[in-house]
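Input: a single structure, listed below in C-alpha cells.
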Amino acid sequence: MEGFDALHELLKTLVMVRGQVLKNVGEKFSLQGSMPATRSHLAVKSMPDLPLLTEEERSVYEWQMWVPGVGEEGQRKLKAASVFVSRVGGLGGVVALELAAAGVGRLVLAHAGCLKPGDLNRQLLQTHEHIGLPRMESIVRRLRELNPRCEVIGIAENVNDENAERLVGEADVIMSAAPMFQERLALNAAAFRARKPMVECAMHTLEATVTTFVPGHTGCLACYVPEVPPTWKRQFPVFGAVSGTAACIGAMEVIKLITGVGEPLAGTLLSMDLGSMRFRHVRLPKRPGCPVCG
Ligand SMILES: [Zn+2]
0 MEGFDALHEL
10 LKTLVMVRGQ
20 VLKNVGEKFS
30 LQGSMPATRS
40 HLAVKSMPDL
50 PLLTEEERSV
60 YEWQMWVPGV
70 GEEGQRKLKA
80 ASVFVSRVGG
90 LGGVVALELA
100 AAGVGRLVLA
110 HAGCLKPGDL
120 NRQLLQTHEH
130 IGLPRMESIV
140 RRLRELNPRC
150 EVIGIAENVN
160 DENAERLVGE
170 ADVIMSAAPM
180 FQERLALNAA
190 AFRARKPMVE
200 CAMHTLEATV
210 TTFVPGHTGC
220 LACYVPEVPP
230 TWKRQFPVFG
240 AVSGTAACIG
250 AMEVIKLITG
260 VGEPLAGTLL
270 SMDLGSMRFR
280 HVRLPKRPGC
290 PVCG
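Numbering (our numbering), first residue to last: 0 to 293.
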C-alpha cells in the first residue's frame, strides 16, 4: 500500500480499502477471537490488588458505576490505570478531560510549546488569558481543578524517536492525538514494542476517524501510513466540535480497554463524516510485511 500525502488522503484511501475488503458497510466487525485477549491485556490486576474506592469517589463516579458491567470493579480498574496522551490540544485535551472526569488514576500528558490564538477554537483546556504561555501549565491546572483525585503529570515535550519509548513506558494505554505523522509513527512503533494498546484518533475538515491497535491482535498505524506523508502540514482545517467528537469516542475506547466493558474498535476503523452524519465501520486488516507489527 503506498503512502499518503495527507490525512484526508488517508481517509479517501480507507474508503477505497473499504470497497475492497468490507463486504457489509456499516456492519459491526466481529471481534471474536481478539476481544478476550484485548480484555486480558489490561487485566493485570485482580480485584484484591485493585485500589479501593473512597466514599467520596463512590459518590463522584456513581453515575458511570451504574452502567452495566462497570460497578465497583470497573471503577477500581480505572483508578488503577494510567494513560499516556500524545499532544493535549483539540483532540488530546478533550480525551484527557473525559478520562480525568471518569477517574482514570494517572494521566501522563505530553505537549510542548505556548498557546497561540489559533488554538482556542478547539483546545478546550486553554483560556484566552493564557495566550503566549506554556500550554501544559493550563492543561495540568484545569484537569486538577476538574478532578484532584487524578494524578496529572504534564511533560512539555512532543513525542519523537528518542523519547517515545520512555513516554510509552509511563502508562498502560496510549492515546495518539498528535497532528504530525512523525510523532504518530514514533509513538506507534514504541507502543508496539512495549505491547501496549494504542487508540488512534484523527480528524480533518468535517471528517474524523478512530481505531484501536492492540499488539498481537491487530495491525498498526504503519500498516496504513508506512512513512511520513511528504506534503502533510501541521495546520489543517477543522472545527473543535469535530476534534471533540473524535476525542470523546477515543476516550470511550480507552475506558473500554481498561474496564473490559463493551467492544473496542480493534481491527476496525470508525470513519465519521460529520458533514453528512454518515458513520461507517471499515475493517483494517493487518498488512503483511509491516516492519512494525508484521
Ligand atoms: Zn503494522
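Glycine included, C-beta positions come from ideal geometry on N, C-alpha and C. Given the structure is predicted, the values throughout are model-derived calculations rather than measurements.
N- and C-terminal bounds of the beta strand (DSSP E) containing residue i
{"i": "C200", "result": "M197 to H203"}
{"i": "V172", "result": "V172 to S175"}
{"i": "G153", "result": "E150 to I154"}
{"i": "M179", "result": "Element bounds for M179: n/a, residue is neither H nor E."}
{"i": "S338", "result": "No statement about residue 338 is possible, as the shown extent of the chain runs from 0 to 293 and does not include it."}
{"i": "E55", "result": "Premise fails: E55 lies in the alpha helix (DSSP H), E54 to M64, not in any beta strand (DSSP E)."}
{"i": "R282", "result": "R277 to R282"}
{"i": "L206", "result": "Looking at the sequence shown, residue 206 is not Leu but Glu. Taken as a continuous stretch (DSSP letters only), the beta strand (DSSP E) holding E206 covers E206 to F212."}
Cβ shell of residue i (< 7 angstroms), same chain only, five flanking positions each side left out
{"i": "L264", "result": "V209, T210, T211 and E252"}
{"i": "P133", "result": "C113 and A155"}
{"i": "A185", "result": "V158, N159, D160 and A163"}
{"i": "C222", "result": "K285, R286, C289 and C292"}
{"i": "F83", "result": "V107, L166, V167, E169, A170, I173 and M174"}
{"i": "F28", "result": "For F28, the predicted model reports a pLDDT of 31, less than 50, meaning its position is unreliable; a value from the coordinates is still stated below. Closer than 7 angstroms at Cβ, skipping near neighbours: G266, T267, H280 and R282."}
{"i": "V247", "result": "Residue identity check: residue 247 is Cys in the sequence provided, not Val. Contacts found: V93 and E97."}
{"i": "V69", "result": "Q63, T258 and V260"}
For residue j and residue i, the rounded distance between their alpha carbons
{"i": "V224", "j": "V198", "result": "15 angstroms"}
{"i": "A95", "j": "S137", "result": "13 angstroms"}
{"i": "K285", "j": "R194", "result": "16 angstroms"}
{"i": "G274", "j": "R282", "result": "22 angstroms"}
{"i": "E97", "j": "E226", "result": "31 angstroms"}
{"i": "P196", "j": "L220", "result": "12 angstroms"}
{"i": "D272", "j": "I130", "result": "31 angstroms"}
{"i": "L52", "j": "F191", "result": "32 angstroms"}
{"i": "G259", "j": "K115", "result": "38 angstroms"}
{"i": "V333", "j": "T230", "result": "An answer regarding residue 333 cannot be provided, because it is not within the stretch 0 to 293 covered by the chain."}
{"i": "V237", "j": "G89", "result": "10 angstroms"}
{"i": "R233", "j": "P178", "result": "6 angstroms"}
{"i": "R277", "j": "P47", "result": "44 angstroms"}
{"i": "S58", "j": "A109", "result": "30 angstroms"}
{"i": "A250", "j": "L256", "result": "10 angstroms"}
{"i": "E61", "j": "R75", "result": "12 angstroms"}
{"i": "A299", "j": "I254", "result": "Shown here, the chain extends from 0 to 293; a query on residue 299 therefore has no answer."}
{"i": "S270", "j": "N120", "result": "23 angstroms"}
{"i": "A79", "j": "E262", "result": "20 angstroms"}
Own chain residues within Cβ distance below 6 angstroms of residue i, not counting five before or after
{"i": "S81", "result": "R105, A170 and D171"}
{"i": "R140", "result": "none"}
{"i": "Q181", "result": "V227"}
Delimiting residues of the alpha helix (DSSP H) encompassing residue i
{"i": "S137", "result": "R134 to L145"}
{"i": "L98", "result": "G91 to A101"}
{"i": "A240", "result": "G239 to T258"}
{"i": "V227", "result": "Taken as a continuous stretch (DSSP letters only), V227 belongs to no alpha helix (DSSP H), as it is neither H nor E."}
{"i": "A163", "result": "A163 to V167"}
Close beta carbons around residue i, own chain, < 8 angstroms, minus the five adjacent residues each side
{"i": "A99", "result": "L106, L142, L145, N146, C149 and V151"}
{"i": "G218", "result": "F212, G266, L283, P284, K285, R286, C289 and C292"}
{"i": "E56", "result": "Q74, K78, G102 and R148"}
C-beta neighbour in chain B for residue i, strict 8 angstroms
{"i": "P236", "result": "The structure shown contains no chain B; it holds only a single protein chain."}
* To do: Please list, following the chain, all residues that have a C-beta closer than 5 angstroms to any non-hydrogen atom of ligand 1.
  => G218, C219, A221, C222, C289, V291 and C292
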